[in-house]
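Chains as they are written, first to last, in this note's numbering: chain A, 3 to 317; chain B, 8 to 442; chain C, 3 to 338.
Don't be surprised by glycine CBs; every beta carbon is placed ideally from N, CA and C.
Working notes, beginning with the structure itself.
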Amino acid sequence: MSDMKFDFDTSPSGSAFSEPSDNVHFEATKTPLRPARVVLHVFLASLGILWMVPLVISLYSSFRPFAETSRKGFLSAPESLGLANYREALDRGDFIDKYWNTALILIPSLVLTIFLASLIAFAASRYSWRFNIFFLVLFTAGNLLPQQIMVAPLFQAARRIPLPEIMSNSEKLNGSNWMIILLHVGFQMGFCTFVLSNYMKLLPKELNEAAMVDGASLWTQYWTIIMPLTRPALAALATLEFAWIYNDFFWAVIFEQRGDDRPITSALSNLGGEFVTDTNVVSAASIFVIIPVLAVYFALQKHFIAGLTLGANKG
Amino acid sequence: MTAEFQQSPSPSEVGFALGRRDVLKGAAALGGIAAFSGVLAACGGGDDAGSASGTIRVGSNYSNELPNAGLRAALDSLPNDDLTIELNEVDHNTYQEQIVAYLQDPPDDVAPWFAGFRLQALASQDLLLDISDVWTDGLDDVLSGGFKQASTYEGKQYFVPWTYYSWQVHYRKDVWADLGATPPGTFDELLALCETLDAAGVTPFALGNDGRWPAMGTFDQINFRLNGYQYHVDLMAGDESWTDDRTKAVFTEWAKLLPYTQSEPNGREWNDAAQALVKGEAAMYLIGNFVGSEFPEDEADQLDFFPFPVMNDEHGLDTVEAPIDGWVVVANPDNEAGAKEVVAHLGTALAQDAYLSVDPSVQAPNNNVDTSAYNALQAKSAAAVQGAKNVTQFLDRDTVAAFANEAGQGIADFLAGGDIDAILADLQAKAETIL
Amino acid sequence: MSTGDDQPTISTAETVASSALDAGKAKKKRSQFTGNDRKVFLAMVGIPTFIHVAIVWIPTLLSILLSFTKWRGNDISEIEVTGVENYDVVLLGAFQGDTIQAILNNLWLLLFLFFGPTLLGMGLAYLLDKNLKGTRIYQSLFYTPVVLSLAVVGFIWQNIMYDQNYGLATWAFGGGDRVDWLGNQEFIFSIGNYGLSKNFLAILMAMAWRHTGYIMVLYLAGMKSVDAALRESASLDGCNEWQTFRHVLFPTLKPINVIVVVITVIEALRAYDIIAILNEPRNTELLSHLTTNALIGEGADNIGRGSAYATLLFLLCIGFVLWYVTNHYKKQENTV
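Below is the structure:
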């Protein structure tokens, strides 16, 4: 097996339409600077700067007093810079609590989703099993449906299912983190299964066969042979799912009615009114909301883009 | 407008949360919290101790800090030591969404609700206890007729009023003095005033309709000034038609004010419109008293209001729009005597004073509340409501929520220059489907 | 020039892998598990499937069933079967206007995503694929908004771009006046009583900001895989840039095109957050909003009607989704 040429450890590629992420970020080779190139650079640079305007101005205005920007406009030289807007936003928006709410939902959701998806992906891809395709179609299609389609029965069920008070303040599944975690797991699993089964399918079947001859149990094959080889895909998926779960707005808006208990993205729906007319405090609030996901993106950009191109079937 | 934007603990459902919270913040800034403990101590005694005993469970959707503290203060002032009160906080939205389910299997004896149509809807399903005796035994003496009407379904009372505020035409005294303007008494005078103000370079009316609830207030005022209280009630209940000429007249009269109203109101938040009033860019603002919280502290005494002027002599100024929050007793409480004693207590000046001392952004309905603690605006609003023959709640409280949402859209279309007849035909079709 | 190739060059890794596997052809039909393995296998398949079906498919089915009933969401015994009445109200009755405008909005969104961000993203990918210096920086600039949620995109644009007094869009295009970007529900052009409203267009712009980078990354990944030699020979053959793109590059991008079509259609059908965060300005409602508003909250007077909207949404998606997914797996099956 050691003579297999596939470098699975470095390339998270695996779907019919994906490419190793490294190729996306290939380094430019030296090309002489021609006038056409200059025009191209000017065009791309201008557009790129324009593209950054909403974020850069959010950041910039978040340090400036509202009185100043309302008088001179967003695009003006600063007279005074400070953290007052952040203090105000923190005070009104309780972002520390919201980060905590987010973590309580995000971490279990992320771990469970990827774990469960890897189980079914393993089962479906490693064994030519009768309903293999049926199950994958079921999972993938389920992942593509709009959430609004199934929300009413879910909501009506969740508000009738009791939970002990220790698990839910509302003593119902509705209004608890458990429900939101369950929703993320049920929904996101589709995409992860799609990606992981594509990936695992490319791992040579001989791996399993050899293991079976050695008498390794199914679980051993999954946990000690296949999962380690799947690591690049898992990394890419974890990064991507982090962003998607972090960015979820709908589920927590519907299933967590208490604004204070919502994760940060859903809490946006009641943040607007907290700040009303002060655009710069709103800017500071926006920065609080986007910092975690941007930090993860910049730190793990490679995995991010790999994940996206890897399974690119998802909006 | 979806469920998630309705966070307000009171006084209105649709999209009001956003503004409301700021009202509370404003109140806090004005020292409401500081007043808390002190005043409470001063409120002891006064009532006779009641006779009931046992435990009473009170549901509360007062999840925001000030109303919650106020409610606790009010309940603490109950003079009957034999009665233990257990306060169960329920989430405001969940509570409203699930009110029927809640009342079918009530975990509490006493619960918060709204006066008017939404009260009657529950009473008609036999979900509430008839507490007419609480009224005859005391509330009749301390509450004006309008409040009783808002608490009544088919001749019986099911509700104890607790807090309210009113919708009025607000203006700045100093700005008006400079302009030489005086409050108009009739709609024609109002139009003439608008003309004058416009010529003077001031926008006569501020309006911000983001969330689609603020302009409902204007619709209500014109409707009951023109067509009377009963027409408002019947239209909201689906017993009068939106395609009726009288309904159409509301919009044609309103259209006369539109040239004098801030343009493009649909995307403007009510707070932004309030700023126009504060800065003197707009001369008038038809909105709830909570607009006061938008004024800087040292300019707050410049704020005044007058009632929306007379449009039809038959109805004069006989109606005031004042959303009321209050309390109901569930249909079969475990402890009926105790529950009645608690709601009766919540109707007393003692309890309401205790609340107001914590949350001064509203007014209390009991005639005997300590109005000396009111600021001038609170006092004037209270006087207007006490003296009113009829009290309406608000468009979104006088009809079912689903239809209120549709009406809000129709009004937004009207403000955007939509064809009145088409809007009204659409609303009537929806009213027939929903109501 | 070989076009119409079903096995796109882009999946080199896979084809190589599968052919290697074919060489060692040892296909198993069914694994004969014993004892513990059998239980483990059943759990591996059963637990995830149960959760997924319980969260996605059963509720979807129930929504379809509920669409033929009238129910306020209180006691389950109150569910009243009303046949197609909800569809009558939604498609032909009092709510027809809302439904038509919402479906039109979904359609505008779809067309806009195709002709705006998709073309722009493809163009950017093409330009960035030219061995440019600093291409990674450019990529990052265009890609950054993609990692944000549409809810926060709405929040930021409302504040920085579309603030009526101070927003940059107001500053740039308002000529010193206040502009009600998100409240102005007038139609830019109309078809009868319906049309494309100004505020919806404003929201589309914000969506484009996020969508363009996404499309760009996908095409960039596809273009990287096209053999440079192929392109070189095309230019040696005298093809100009456009011809090279049209006849060499574009055909090889077929799998990417399929994905982009899928993403765009799905995105257009399930957009919700950005408009919800902006308080659902009039004339910007999508089918997803009509569904939710009729289902959840105090205004939800009839779950049946909301479910009828949900079912419409489902019907609009499902054919497309199944077509794509079965196609994809059929291809997979052929390759393994």
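Between B/T170 and B/Y362, the beta carbon gap of about 7 Å places them in contact (Cβ cut-off 8 Å). Using a Cβ distance threshold of 8 Å, B/L442 and B/G208 do not count as a contacting pair. By the rule that beta-carbons nearer than 8 Å mark a contact, B/R275 touches chain C. C/G308 and C/L314 have their C-alpha atoms roughly 10 Å apart. The alpha carbon of C/I258 has as its nearest neighbour, out of C/S235, C/W173, C/A223 and C/I268, the alpha carbon of C/A223. In this structure, the alpha-carbon of C/I102 lies about 38 Å from that of B/D332. According to the DSSP assignment, C/G48 belongs to the alpha helix (DSSP H) that extends over G37 to H54.
Excluding five sequence positions before and after B/L434, the CB atoms of its chain that fall closer than 7 Å to its own CB belong to W249, E413, A414 and G417, given in chain order. The three-state reading of DSSP puts B/K163 in strand, counting E and B together.
Sequence-distant partners of C/P119 (beyond 5 residues in either direction) whose C-beta falls short of 7 Å from its own C-beta, in its chain, are A210, H213, T214 and I217. The Cβ atoms of B/G215 and B/W277 lie closer than 8 Å to each other. Taking all protein chains in view, the Cβ of C/L238 is surrounded by fewer than 16 other Cβ atoms within 10 Å, so the residue is classified as exposed. Look at C/G308: its C-beta is under 8 Å from a C-beta on chain A. Considering only B/E96, B/P266, B/L78 and B/A386, the residue with the shortest C-alpha distance to B/T203 is B/P266. Assignment of alpha helix (DSSP H) within the region 164-193 of chain C, counting only whole runs of 4 or more residues, yields 170-175 in chain order. Remark: three or more beta-carbon pairs, one from each stretch, lie closer than 8 Å, so the region 230-244 of chain A and the region 104-112 of chain A are flagged as touching.
Within the region 236-266 of chain A, those residues whose Cβ lies closer than 8 Å to any Cβ of chain C are, in chain order, A245, Y248, N249, D250, F251, F252, V255 and I256. Put simply, the region 422-432 of chain B does not touch the region 348-357 of chain B. Fewer than three CB pairs are less than 8 Å apart. Taking the CA atoms as reference points, B/N75 sits about 36 Å from B/A438.
For C/D182, the chain B residues whose Cβ falls inside 9 Å of its Cβ are S270, E271, P272, N273, G274 and R275, in order along the chain.
By the Cβ-count criterion, C/F316 is buried, with 16 or more other Cβ atoms from all chains shown falling within 10 Å of its own Cβ. A/R89 and A/T71 have their alpha carbons spaced roughly 18 Å apart.
By the 16-neighbour rule on beta-carbons within 10 angstroms, B/N273 is buried.
Looking at the DSSP output, C/H291 shares a beta bridge with no other residue. Among the residues facing chain C, B/D217 is included, as its CB has a counterpart in that chain under 8 Å away.
With respect to chain B, the C-beta atom of C/A174 has no partner C-beta closer than 8 Å.
Contact check for A/F257 and A/T195: beta-carbon distance about 23 Å, past the 8 Å limit, so the pair fails to qualify.
Listed in chain order, the non-local C-beta contacts of A/S60 below 7 Å within the same chain comprise S285, S288 and I289, local neighbours out to five positions each way being set aside. If you draw a 10 Å sphere on the C-beta of C/S192, you find fewer than 16 other C-beta atoms in it, and that means exposed. Chain A has a Cβ within less than 8 Å of the Cβ of C/Y331. Taking a C-beta distance under 8 Å as the contact criterion, B/R275 and B/D217 qualify as a contact pair. Along the region 184-201 of chain A, going in chain order, the ones with a CB nearer than 8 Å to a CB of chain C are L184, L185, V187, G188, F189, M191, G192, T195 and N200.
For B/Q359, the uninterrupted alpha helix (DSSP H) run begins and ends at A356 to L363, by DSSP. From the beta-carbon of C/E188, the residues of chain B found nearer than 8 Å are A423 and G424.
Here the alpha carbons of B/F302 and B/T440 stand approximately 43 Å from one another. Closer than 8 Å to the CB of B/V298 there is not a single CB belonging to chain C.
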